[in-house]
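This report concerns only the one structure given below.
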Amino acid sequence: MTVSGSIKAGWEKRFPELSGRWTHWRLSGDGEVLALVPGEKLLDALRLVEENYVRFTSIKCCRATVDVTGNCAEVQDALFEIANRPNDRISLPRN
698 MTVSGSIKAG
708 WEKRFPELSG
718 RWTHWRLSGD
728 GEVLALVPGE
738 KLLDALRLVE
748 ENYVRFTSIK
758 CCRATVDVTG
768 NCAEVQDALF
778 EIANRPNDRI
788 SLPRN
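Listed below in structure tokens is the structure:
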């Protein structure tokens, strides 16, 4: 499924800023962990959201850190909703 540009337009600004010890985003779909994405790879994170948009009702992310082996070491409690299919459809402009 191709996701319309009007839906995708808001995704980028929904990713939280990474600073200090937070270097990665941990993406999840309906609570299932999808990936750990480095902050310099925002386009990869956006692609991942698009690829999984139909599969999950809600895709969220949180800030994370990694250890020396690249595994997730710590996550921030706050979750940021990047995409929500039912809400995205409601907010589309009607013709």
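Counted the way our numbering counts, the sequence shown spans residues 698 to 792.
Cβ atoms here follow ideal geometry from the backbone N, Cα and C, with glycine treated the same way.
- If you draw a 10 Å sphere on the C-beta of K710, you find fewer than 16 other C-beta atoms in it, and that means exposed.
- Following the DSSP letters along the chain, one finds S725 inside the beta strand (DSSP E) bounded by residues H721 to G726.
- Apart from sequence neighbours up to five positions away, the residues of its chain that approach P783 with a beta-carbon distance below 8 Å are T754, ordered along the chain.
- Within the stretch 747–774, the runs of beta strand (DSSP E) at least 3 residues long that lie entirely inside it are, in chain order, 755–763 and 769–772.
- Take the alpha-carbon of A780 and the one of I704: they are about 9 Å apart.
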